[in-house]
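Novice: With the working numbering applied, the sequence shown has no gaps in its numbers, which climb one by one up to 835 at the end.
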Amino acid sequence: MQRPPPPEDYSLKETSPHLGGGGVTGDKLTSTYDLVEQMQYLYVRVVKAKDLPAKDITGSLDPYVEVKLGNYKGTTRHFEKKTNPEWNQVFAFSKDRVQASVLEVTVKDKDMVKDDFVGRVMFDVNEIPKRVPPDSPLAPQWYRLEDRKGDKVKGELMLAVWMGTQADEAFPEAWHSDAATVTSESLANIRSKVYLSPKLWYVRVNVIEAQDLLPTEKGKFPEVYVKAILGNQALRTRISQSRTINPMWNEDLMFVAAEPFEEHLVLSVEDRVGPNKDEVLGKCVIPLQNVERRLDYKPVNTRWYNLEKHVVVVDGDQKKKEIKFASRIHLRICLEGGYHVLDESTHYSSDLRPTAKQLWKYNIGVLELGILNAQGLMPMKTKDGKGTTDAYCVAKYGQKWVRTRTIIDSFTPKWNEQYTWEVFDPCTVITIGVFDNCHLHGGGDKPGGARDSRIGKVRIRLSTLETDRVYTHSYPLLVLHPSGVKKMGEVQLAVRFTCSSLLNMMHIYTQPLLPKMHYLHPLSVTQLDSLRHQATQIVSMRLSRAEPPLRKEIVEYMLDVDSHMWSMRRSKANFFRIMGVLSGLIAVGRWFDQICNWKNPLTTILIHILFVILVLYPELILPTVFLYLFLIGVWYYRWRPRNPPHMDTRLSHADNAHPDELDEEFDTFPTSRPADIVRMRYDRLRSVAGRIQTVVGDLATQGERLQSLLSWRDPRATALFVIFCLIAAIVLYVTPFRVVALIAGIYVLRHPRFRHRLPSVPLNFFRRLPARTDSML
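#1: Please classify E66 as buried or exposed, where buried requires at least 16 neighbouring CB atoms within 10 angstroms.
#2: Hey, out of K335, K285, V211, whose CA is closest to L293's CA?
#3: Going straight from the alpha carbon of L538 to that of E317, what length do you get?
#4: So for K610, helix, strand or coil by DSSP?
#5: Tell me the residue span of the beta strand (DSSP E) that contains G213.
#6: Between Y260, I750, L400, which lies nearest to S625 when the distance is taken from Cα to Cα?
#7: Apply the 10 Å Cβ neighbour rule to S255 and answer buried if 16 or more other Cβ atoms are within range, or exposed otherwise.
#8: Is P191 close to chain D? Criterion is C-beta to C-beta, closer than 8 Å.
#9: Should V125 be labelled buried (16 or more other beta-carbon atoms within 10 Å of its own) or exposed?
#10: Is V284 helix, strand or coil when you go by DSSP?
#11: Quick one, which of M312, R411, Y201 has its alpha-carbon nearest P573's?
#12: Relative to the C-alpha of K335, which residue among E281, V673, E231, E614 is closest?
#13: Quick one: grab the DSSP three-state call for S532.
#14: For the beta strand (DSSP E) containing G340, name the first residue and the last one.
#15: Which residue from V176, W220, G222 puts its Cα closest to that of E214?
#16: Which first and last residues belong to the beta strand (DSSP E) in which W649 is found?
#17: Is the region 783–797 close to the region 679–694, with three or more CB pairs under 8 Å?
#18: Helix or strand or just coil, what does DSSP make of K415?
#19: Identify, in the order they occur along the chain, each residue of the same chain with its Cβ nearer than 8 Å to the Cβ of K210, setting aside the five sequence neighbours on each side.
#20: What is the residue span of the alpha helix (DSSP H) that E402 lies within?
#21: Less than 6 Å between C-beta atoms, sequence neighbours within five positions excluded: which residues of the same chain meet that for Y68?
#22: Smallest Cα separation from V780: which of R771, S833, L767, V792?
#23: When the distance is taken between beta carbons, is G445 closer than 8 Å to V481?
#24: Just to confirm, are V460 and V399 a CB contact at a threshold of 8 Å?
#25: To the nearest angstrom, report how far apart N247 and V452 are at their CA atoms.
#26: Excluding the five sequence neighbours on either side, which residues of its own chain have a C-beta within less than 8 Å of the C-beta of D109, listed in chain order?
#27: Leaving out five residues before and five after N658 in sequence, what residues of the same chain have Cβ atoms less than 8 Å from its Cβ?
#28: Just how far apart, CA to CA, sit R737 and D725?
#29: Can you tell which of L821, T302, W307 has the C-alpha that lies nearest to the C-alpha of P570?
#30: Nearest-angstrom Cα distance between P75 and G514?
#31: Within 8 Å, do at least three Cβ pairs link the region 323–333 to the region 262–271?
#32: Compare the C-alpha of T635 against each of A758, T462, W649 and name the closest.
#33: Span of the beta strand (DSSP E) holding F684?
#34: Assuming D587 is part of the alpha helix (DSSP H), what are its boundary residues?
#35: Expressed to the nearest angstrom, what Euclidean distance is found between the alpha-carbon atoms of A232 and W418?
#36: When DSSP labels each residue in this structure, what does I303 get in the three-state scheme?
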């Protein structure tokens, strides 16, 4: 009888890598570039050559350089008919993979049949000097070329050869020995790269009124509306209720735009003359560079814009188009700098700052990430009849995206690359994704070509990390397929969150989560959903135009574009999250029932004594409650979480989802079912259920935030709450209960003049508490 396969291990594993090549003192490392394992590389910088001899019959030379170390060989680009070429290319050979003792740098002449040998320079690997960053760069020097016998020949080659690590400044631009099978055209696709998201703005267009419109049909009341187009975004106002040639709307239209502004805002006033037939009465084009930028809630000045209309004029036998300025439109347009343009899921935001840099506050620390390696990756594609994976990592925090180099044909890739971000808010999330590169051998760049495959994703909330501690863990890489959840391997990371000012960071917990404009002039949920969709499309489009491109499928996966879609599995998970929150209240009810039924007589007697004391001395009720919460918080400190949260398959209900539910989750939207009626009803059900799912998830989030007050999931927030409980217990103990009740009642019933429009400090603190959304798959 065949044994069933062992269950997948989805747990988080703590690791102990040899970071930085140095020792660890407590939780702090003692060397630079210290969150990754040190990797030794032999670097060869080929700068240029001079006085090379001619080899062809025509007396010309098409030179290139071949750098060879053992079985690994790299070549520079070649020049046509040039005896003094300049390459300035760097080659990096991993010391772990190379056993050769001689480095050979050969100059060759490119030929149709067989390349001619020009000369070479040989180096003994054991005598190559070592350079430890941040030493000064090694200066290149001229070397005389030799023939195969070792005799000097005509021509010199300028080189720099040294032993270094991945901390060397030449590392990102170098050709690596593990990319030997990659074509020179695809080399850009395997190098590490840092990207910046475009700066996003909300564009508010307040359409007020128009004047002197010329309706299409005389004698008919015009049904006029305004259509605004910005790039691929199109919005329109309602039809004006004032059926005159001077219609009024006073409606706001919101768009997303990215710097540098490439598209103009196009507004057209249109008259509905029949079913599905509209006539343009006038149009104006507004460059966004000329639009005023608003940093607060004060309205900007309005402005009248001329409406152009192209009129066909018959002049003899010729027809000409003339532009007429017969009408005007009254607008208030501004670029909103006081909002944060949401391009990520609100649960996993990595940046909460407003668009305008003038409104940014001080940074409170630094986040450092070491991407070490991956283990046990699954084959993602087939090459030469065998499974292979060309893996790379992408990390996103704030406006900065980083991409590691691609490790070719390896199920256990080692990156050992370290990156740094400034932190402005600890209640943010860094996202790390692992992908398979499908663009190394051509074809992928064509329309409809290959797409980079998802291997898995990790999210880490900064507020769940202790400051100045190095976290080294191996995270499971989980992907949901129509057949169920699948572990694609593990990625090993090293993370450190360093705080520059503890006081400033604690102050952040009392501030609103989003910029003030989100509360003073809030946007509707529908607007935010639509604007977020537009923002993600703009970001993915801009990053896909970088070189090398960060492709659309990568950006959308990192930004959780499809997280709002209906899923029976997610709805079940959110329901059981709520049940998990309510389980505490249910347990208290059961405990009280046991007290009433004298299951434990000693406990029941103590409760009776406590009840009598509180009845005789009611002023002790609140101090006792806060003291009890303080003691619980101190007691739970022993069991505080020591590891960051990770993807939880059981919480996500991914490990026991029904195949039919997964088929529904991976179904297209709209559904691909053939019957029209079924499609309509099914889509309506999914749309409604998606909203319910979001509401249930939000309720679960609030309950989990209550739980996290004393759970030490966010050590700083729990410390603040525990200290507050102690202070409140002392103050309430020495203050008469009547005074406390009077002050609380007067505060609750205070005049609106004394109320602030921004959220209160307790509410701000509560919204910053972590929930289990970070662990949802």
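We put the beta carbon where it would ideally sit given N, CA and C, even for glycine.
Specialist: This is what the structure gives:
#1: Exposed is the call here.
#2: Check the Cα spacing between L293 and each of K335, K285, V211: the tightest is with K285.
#3: Going by C-alpha positions, L538 is about 36 Å away from E317.
#4: K610 falls in the helix class under three-state DSSP.
#5: Note, G213: beta strand (DSSP E), 210–223.
#6: Considering only alpha carbons, the answer is I750.
#7: S255 is buried by the Cβ-count criterion.
#8: In the structure shown, chain D cannot be found, because there is only a single protein chain.
#9: Classification for V125: buried.
#10: V284: strand per DSSP, three-state reduction.
#11: Of M312, R411, Y201, the residue nearest in Cα terms is R411.
#12: When only C-alpha atoms are compared, the closest one is E281.
#13: In this structure, DSSP gives S532 an extended state, which the three-state scheme calls strand.
#14: Its beta strand (DSSP E) spans residues 335–344.
#15: With distances taken between Cα atoms, E214 lies closest to V176.
#16: From DSSP, W649 is part of no beta strand (DSSP E) but of the alpha helix (DSSP H) over 626–654.
#17: Touching, yes, given that three or more Cβ pairs across the two stretches are closer than 8 Å.
#18: Residue state for K415 is assigned as helix, using DSSP reduced to three classes.
#19: If we look at K210 and ignore the five residues flanking it on each side, its Cβ neighbours are R202, L203, E204.
#20: Unbroken run through E402: none, as it is neither H nor E.
#21: Within the same chain, Cβ atoms closer than 6 Å to the Cβ of Y68 are found at P534, T707, the five residues on either side in sequence being excluded.
#22: For the residues R771, S833, L767, V792, the minimum Cα distance to V780 belongs to L767.
#23: No, Cβ-Cβ distance for V481 and G445 is not below 8 Å.
#24: Contact flag unset, no.
#25: Approximately 13 Å, taken between the alpha carbons.
#26: So the list reads T141, N142, K212, G213, E214, once near-sequence residues are dropped.
#27: Within the same chain, and ignoring the five residues on either side of N658 in sequence, the residues whose Cβ sits closer than 8 Å to its Cβ are Q652.
#28: Approximately 12 Å, taken between the alpha carbons.
#29: With distances taken between CA atoms, P570 lies nearest to L821 out of L821, T302, W307.
#30: CA-CA distance, P75 to G514, rounds to 22 Å.
#31: By the criterion of at least three beta-carbon pairs nearer than 8 Å, the region 262–271 is in contact with the region 323–333.
#32: A small correction: the amino acid at residue 635 is Arg; Thr does not occupy that position in the sequence shown. For R635, the closest C-alpha among the options A758, T462, W649 is that of A758.
#33: For F684, there is no enclosing beta strand (DSSP E); the enclosing alpha helix (DSSP H) has its first and last residue at 679–694.
#34: Here the alpha helix (DSSP H) through D587 covers 583–602.
#35: Each residue's Cα considered, the two are about 37 Å apart.
#36: DSSP places I303 in coil when its eight states are reduced to three.
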